[in-house]
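Residue 104 in this note's numbering is what sits at position 104 of the sequence shown, and the numbering runs on without skipping anything. Everything below concerns the one structure shown next.
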Amino acid sequence: MGGERFLVLGAGMMGRAIAYDLVRTRGKDCISVLDNDDTAVKAIEDWLDVDAQVLNIRTGEALRNHLERSNAVIVALPYDLNVPVMVQAIESGCHFCDLGGNDPIVRTQLAMDDKAREMDVLCIPDCGLAPGMANVLAVHLITEFEMVDSLTIRVGGLPQNPKPPLNYQLFFSVGGLINEYVEECKTLRGGRISLVRPMTDIESLTFEGLGELEAFNTSGGTAWLPEILEDKVQTLDYKTIRYPGHCEAMREILENGFSYEGEFASGIDQRELLESLLARSLSGDDPDVVLVRVSAEGEVDGEARGTTLEIVDRYDAENDITAMMRTTSFPTSIIIQMAVDNKIRDRGVRTPEMCVPGKDFMDELAKRDIMVKRVVEKRTAPV
Numbered sequence: 001m002g003g004e005r006f007l008v009l010g011a012g013m014m015g016r017a018i019a020y021d022l023v024r025t026r027g028k029d030c031i032s033v034l035d036n037d038d039t040a041v042k043a044i045e046d047w048l049d050v051d052a053q054v055l056n057i058r059t060g061e062a063l064r065n066h067l068e069r070s071n072a073v074i075v076a077l078p079y080d081l082n083v084p085v086m087v088q089a090i091e092s093g094c095h096f097c098d099l100g101g102n103d104p105i106v107r108t109q110l111a112m113d114d115k116a117r118e119m120d121v122l123c124i125p126d127c128g129l130a131p132g133m134a135n136v137l138a139v140h141l142i143t144e145f146e147m148v149d150s151l152t153i154r155v156g157g158l159p160q161n162p163k164p165p166l167n168y169q170l171f172f173s174v175g176g177l178i179n180e181y182v183e184e185c186k187t188l189r190g191g192r193i194s195l196v197r198p199m200t201d202i203e204s205l206t207f208e209g210l211g212e213l214e215a216f217n218t219s220g221g222t223a224w225l226p227e228i229l230e231d232k233v234q235t236l237d238y239k240t241i242r243y244p245g246h247c248e249a250m251r252e253i254l255e256n257g258f259s260y261e262g263e264f265a266s267g268i269d270q271r272e273l274l275e276s277l278l279a280r281s282l283s284g285d286d287p288d289v290v291l292v293r294v295s296a297e298g299e300v301d302g303e304a305r306g307t308t309l310e311i312v313d314r315y316d317a318e319n320d321i322t323a324m325m326r327t328t329s330f331p332t333s334i335i336i337q338m339a340v341d342n343k344i345r346d347r348g349v350r351t352p353e354m355c356v357p358g359k360d361f362m363d364e365l366a367k368r369d370i371m372v373k374r375v376v377e378k379r380t381a382p383v
């Protein structure tokens with residue numbers, strides 16, 4: 001493991017946490033961070049004592065020089081930059097990861113598979129929490145089953161001390177949040193891909209120490225699982241976890257106040273206004289908690305069984321790293337290191353659920369105190 005160089009693009013919250021994890025596991029001398037914000041660059045340089053430089057990532061040739069000196073690049077920037085950076089990474093022979101979050105963009109990236117294989121590199125879009133870590137856990141879980149009836153994924157980032165009326169706090173971009181709440185959700189029904197409306201099918205669930213919560217359909221979380229598992233899993237869905245009442249309150253705002261696109265008569269863009277209002281009302285610095293629950297039901301050794309993998313991860317006060325940063329950035333750091341170390345031997349373009357070895361991945365999470373709890377229940381088969 002000598003001589004590798006890792007390039008982190010973005011010195012915001014997620015980029016900082018990726019760099020932090022790489023420093024802990026690889027040492028500071030093999031990491032460089034680029035961002036166009038000189039304040040963010042100075043902050044990460046002071047915090048981690050790493051090479052950090054100001055660079056406008058959108059100016060191609062300057063970035064290419066850095067890529068050609070690196071073994072791997074991790075993109076923690078707005079997703080519109082994922083494709084142009086990946087193109088340059090492939091041409092530079094540099095492994096690639098990003099935080100994904102946009103299906104059409106990931107589809108464009110998957111179409112570059114032949115070129116990436118030709119250049120002997122591995123590109124893994126859609127890393128992070130969900131899609132990302134939760135999807136890797138889901139694929140790992142169902143390998144234990146001979147037949148899978150249902151696979152459910154429940155994920156949420158919450159403030160530990162919620163404030164009404166929405167009982168929520170922004171932990172990632174407000175634009176991404178709105179997308180989850182307004183775009184159709186890919187599921188499996190009867191083994192076939194089906195689209196369902198977001199913010200529907202509210203269910204109650206509990207986590208120890210947090211009491212009763214709610215979960216409802218949101219877009220994006222299943223990522224490429226429906227395509228991979230079609231005809232192999234009968235039912236698959238993804239829901240976001242929130243405090244009770246959040247879904248109804250947000251749905252009221254979205255359905256009665258805004259149409260997400262177009263302008264008011266005054267010429268004000270509805271989407272921009274909504275994002276501005278939510279960013280202001282949902283801002284805060286309350287310590288957070290991230291919840292993940294992946295459950296499968298099916299047949300093992302001829303018996304009906306249900307198995308659940310669960311994570312409860314909290315804000316790291318000692319290092320001032322949020323739970324959302326830990327559960328988004330640390331998995332991404334793990335995955336890019338697996339690529340560089342040939343623990344993932346694939347080449348081309350693969351999403352995490354297509355290539356990341358689940359057991360090794362969970363072992364690495366445990367080294368970072370992200371603990372996966374496993375619960376197995378024998379079920380009574382229907383008569």
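Using N, Cα and C, we set each Cβ at its ideal position, and we do this for glycine too.
Of the candidates Val312, Gly157 and Val148, Val148 places its Cα closest to the Cα of glycine 306. For alanine 323, the number of other beta carbons within 10 angstroms of its own is at least 16, and it is reported as buried. By the beta-carbon neighbour count (other beta carbons within 10 angstroms, threshold 16), proline 159 is buried.
Serine 219 counts as buried, since at least 16 other C-beta atoms from the protein chains shown sit within 10 angstroms of its C-beta. The Cβ neighbour count for glutamate 297, taken over all protein chains shown within 10 Å, is at least 16; the residue is labelled buried. When Thr187, Lys186, Val23 and Pro244 are compared, the shortest CA-CA separation from glutamate 214 is found for Pro244. Excluding sequence positions up to five before and after aspartate 49, its CB lies within less than 6 Å of the CB of Lys28, all in the same chain and listed in chain order.
Separation of the CB atoms of valine 33 and glycine 12 is rounded to 11 Å, and the pair is thereby denied contact status at 8 Å.
In terms of Cα proximity to glutamate 118, the closest of Thr108, Thr328, Ile311 and Val87 is Val87. The three-state reading of DSSP puts leucine 122 in strand, counting E and B together. Taking a cut-off of 8 Å on C-beta distances, the segment 188-205 does not touch the segment 114-129, as fewer than three cross pairs fall below it.
Contact check for asparagine 71 against proline 352 fails: the beta carbons are separated by 7 Å or more. Taking the Cα of cysteine 94 as reference, the smallest distance to any Cα among Val23, Pro78, Thr108 and Leu63 is reached at Leu63. Pairing lysine 239 with glutamate 272, the inter-Cα distance amounts to about 26 Å.
Look at the segment 339-376 and you find these whole runs of alpha helix (DSSP H), each 4 residues long or longer: 352-355 and 358-367. Residue state for alanine 76 is assigned as coil, using DSSP reduced to three classes.
Burial of arginine 350 is indicated by the presence of at least 16 other C-beta atoms within 10 angstroms of its C-beta. Around the beta carbon of threonine 328, 16 or more other beta carbons lie within 10 angstroms, which makes this residue buried. In this chain, aspartate 285 is not harboured by any alpha helix (DSSP H), its DSSP state being neither H nor E.
Proximity to valine 376 across Asn56, Ser295 and His66 peaks at Ser295, based on C-alpha coordinates. In this structure isoleucine 178 touches leucine 274 by the C-beta definition: roughly 7 Å separates them, less than 8 Å. Proximity of the segment 186-197 to the segment 74-82 falls short of the contact definition, fewer than three beta-carbon pairs being nearer than 8 Å.
For arginine 189, the enclosing beta strand (DSSP E) has its first and last residue at 185-189. Look at the beta carbons and you see the segment 332-340 touching the segment 352-361: at least three pairs across the two are nearer than 8 Å.
Taking the CA atoms as reference points, glutamate 4 sits about 15 Å from alanine 89.
In this structure, serine 92 lies near leucine 67, with their beta-carbon atoms less than 7 Å apart. Membership of tyrosine 238 in the beta strand (DSSP E) is indicated by the continuous run 233-242. The C-beta distance from proline 125 to glycine 100 rounds to 5 Å, short enough to fall under 8 Å. Residue environment for alanine 138: buried (at least 16 other C-beta atoms within 10 angstroms of its C-beta).
Under the three-state reduction of DSSP output, threonine 307 falls in the strand class.
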